[in-house]
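When the letters of the sequence shown are read in order and numbered with this note's numbering, they come out as residues 698 to 982.
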Amino acid sequence: MNIAYEKIYLEQSKSLKIETYTYSSLCDIISWHLHPEYEIVFIKNGNGTVRVDSYSEEYNDGLLIFLGPNIPHMPLGNKQFKNNVEIVIQFPESFITEKLAYFPELNELLSFVQKSKNGIIFSPETHQKLQSSFLRFAKQNNTQKLLNFIDILYQLSISEDQSAIRKDSFSLDINKHSLQRVSKIYQYVNDHYSKEIRSENLARQLGLTPNSFCRMFKTITNRNFIDFLNEFRIKKAQECFEHNDIPISEVMYLCGFNDPSYFSKQFKKYAGMPPSTYNKSIIRD
Numbered sequence: 698m699n700i701a702y703e704k705i706y707l708e709q710s711k712s713l714k715i716e717t718y719t720y721s722s723l724c725d726i727i728s729w730h731l732h733p734e735y736e737i738v739f740i741k742n743g744n745g746t747v748r749v750d751s752y753s754e755e756y757n758d759g760l761l762i763f764l765g766p767n768i769p770h771m772p773l774g775n776k777q778f779k780n781n782v783e784i785v786i787q788f789p790e791s792f793i794t795e796k797l798a799y800f801p802e803l804n805e806l807l808s809f810v811q812k813s814k815n816g817i818i819f820s821p822e823t824h825q826k827l828q829s830s831f832l833r834f835a836k837q838n839n840t841q842k843l844l845n846f847i848d849i850l851y852q853l854s855i856s857e858d859q860s861a862i863r864k865d866s867f868s869l870d871i872n873k874h875s876l877q878r879v880s881k882i883y884q885y886v887n888d889h890y891s892k893e894i895r896s897e898n899l900a901r902q903l904g905l906t907p908n909s910f911c912r913m914f915k916t917i918t919n920r921n922f923i924d925f926l927n928e929f930r931i932k933k934a935q936e937c938f939e940h941n942d943i944p945i946s947e948v949m950y951l952c953g954f955n956d957p958s959y960f961s962k963q964f965k966k967y968a969g970m971p972p973s974t975y976n977k978s979i980i981r982d
């Protein structure tokens, strides 16, 4: 069974990613996938199927689920009702270990997060109790979202109606060692995208030959490393344009490109338009 390795793009100005999907804008992941981030999914209403690792169960009238890192799962949303809303919250391990862990008052909450690594499904009562908190995200600024999220996490941690999805390790055919390597690659790119990145150097750090590196990366992610690197850098370029009023040439260098023609070509490929057009389309305060 093919499982896609999804890369979660987190803006530098945010500690977590919160997306709200509606009937007309469902999440575009359509098959088995996984990612190294934690994920909380709230589905307002409708019926569907939970498929997580080897676990499968029907849900009715919405869903509230918490998944740990690298748990393979199918999309959870549904299009049964036009007023349905799906809120997806994703955050990296570093959010726990480098941010929340600094507050001793949150120790019990951190223990709960550790429990989620096997996946947790919450009762309809907890789903209903927290519905207004999840729906509030759509109208909140970044500070309000963060505070709201921490409160939701606390409410989930004290919920008595929760059940673990799986007992221990993967049941699907996944090379866990390769997943760990790809996670390291993604983290390296995230930390060094503005500098020169050569697959040969990354391969050496992972103890692989260049050919083995490329083969492993494509097997897990179903794409070439250079494609992933270019798309990542273009997303960072888009982020630069959205938050800074700086020249295109400066954005190009900040995001690891040094050839204007190549930068423009890759930007149009992944953003759908030239960088100049994209920059002009942004409405700044």
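Every residue gets a Cβ at the ideal spot worked out from N, C-alpha and C, and that includes glycine. This structure is a prediction, so every number in the text was calculated from the model and none was measured.
Euclidean distance between Cα positions of residue i and residue j
i: residue 782; j: residue 716; result: 10 Å
i: residue 841; j: residue 712; result: 13 Å
i: residue 954; j: residue 822; result: 51 Å
i: residue 970; j: residue 926; result: 19 Å
i: residue 856; j: residue 765; result: 18 Å
i: residue 647; j: residue 898; result: Examination of residue 647 is not possible in this model, given that the chain is present from 698 through 982 alone.
i: residue 787; j: residue 748; result: 18 Å
i: residue 886; j: residue 896; result: 11 Å
i: residue 902; j: residue 924; result: 20 Å
i: residue 799; j: residue 811; result: 16 Å
i: residue 907; j: residue 900; result: 6 Å
i: residue 793; j: residue 819; result: 21 Å
i: residue 772; j: residue 816; result: 15 Å
i: residue 830; j: residue 849; result: 7 Å
i: residue 833; j: residue 784; result: 10 Å
i: residue 909; j: residue 884; result: 19 Å
i: residue 889; j: residue 708; result: 15 Å
i: residue 866; j: residue 791; result: Since pLDDT at residue 866 reaches only 49, below the 50 mark, its modelled position is unreliable, and no value is offered.
i: residue 977; j: residue 876; result: 39 Å
i: residue 750; j: residue 813; result: 14 Å
i: residue 870; j: residue 718; result: In this predicted model, residue 870 has a pLDDT of only 49, less than 50, meaning its place in the structure is not dependable enough to derive any value.
i: residue 972; j: residue 936; result: 12 Å
i: residue 942; j: residue 893; result: 24 Å
i: residue 753; j: residue 948; result: 46 Å
i: residue 946; j: residue 703; result: 30 Å
i: residue 853; j: residue 802; result: 16 Å
i: residue 862; j: residue 956; result: 49 Å
i: residue 795; j: residue 858; result: 29 Å
Three-state secondary structure assigned by DSSP to residue i
i: residue 764; result: strand
i: residue 824; result: helix
i: residue 698; result: The predicted model places residue 698 with a pLDDT of 48, which falls under 50 and marks its position as unreliable; any figure quoted below should be read in that light. Here residue 698 sits in coil by DSSP.
i: residue 819; result: strand
i: residue 850; result: helix
i: residue 920; result: coil
i: residue 756; result: strand
i: residue 859; result: strand
i: residue 735; result: strand
i: residue 800; result: coil
i: residue 931; result: helix
i: residue 979; result: coil
i: residue 717; result: strand
i: residue 746; result: strand
i: residue 783; result: strand
i: residue 870; result: Low per-residue confidence applies at residue 870: pLDDT is 49, beneath 50, and the placement is therefore not dependable enough to give any value.
i: residue 954; result: coil
i: residue 778; result: coil
i: residue 943; result: coil
i: residue 740; result: strand
Presumed contact (8 Å Cβ cut-off) between residue i and residue j, rounded CB distance
i: residue 789; j: residue 734; result: 5 Å
i: residue 705; j: residue 730; result: With 8 Å as the limit, residue 705 and residue 730 do not qualify as a contact, their Cβ atoms being about 11 Å apart.
i: residue 931; j: residue 959; result: Contact doesn't hold; Cβ gap of about 11 Å is too wide.
Residue nearest to residue i in terms of C-alpha spacing, selected from the options
i: residue 776; options: 746, 732, 972, 964; result: 746
i: residue 780; options: 802, 939, 722, 787; result: 722
i: residue 743; options: 897, 720, 835; result: 720
i: residue 911; options: 879, 893, 796; result: 879
i: residue 882; options: 785, 794, 921; result: 921
i: residue 827; options: 904, 892, 847, 796; result: 847
i: residue 929; options: 963, 752, 852, 784; result: 963
i: residue 838; options: 714, 967, 813; result: 714
i: residue 874; options: 774, 852, 904; result: 904
i: residue 939; options: 825, 754, 974; result: 974
i: residue 891; options: 701, 795, 851, 934; result: 934
i: residue 728; options: 824, 795, 774; result: 774
Proximity test, Cβ basis, 8 Å: residue i and chain D
i: residue 950; result: Here there is only one protein chain, and chain D is not present.
Inset, instruction - Kindly confirm or deny that the segment 758 to 771 and the segment 733 to 740 touch, where touching means at least three C-beta pairs closer than 8 Å. - result: yes
Legend entry - Cβ pair count under 8 Å reaching 3, the segment 910 to 922 against the segment 949 to 964: no
Legend entry - Cβ pair count under 8 Å reaching 3, the segment 800 to 819 against the segment 828 to 845: no
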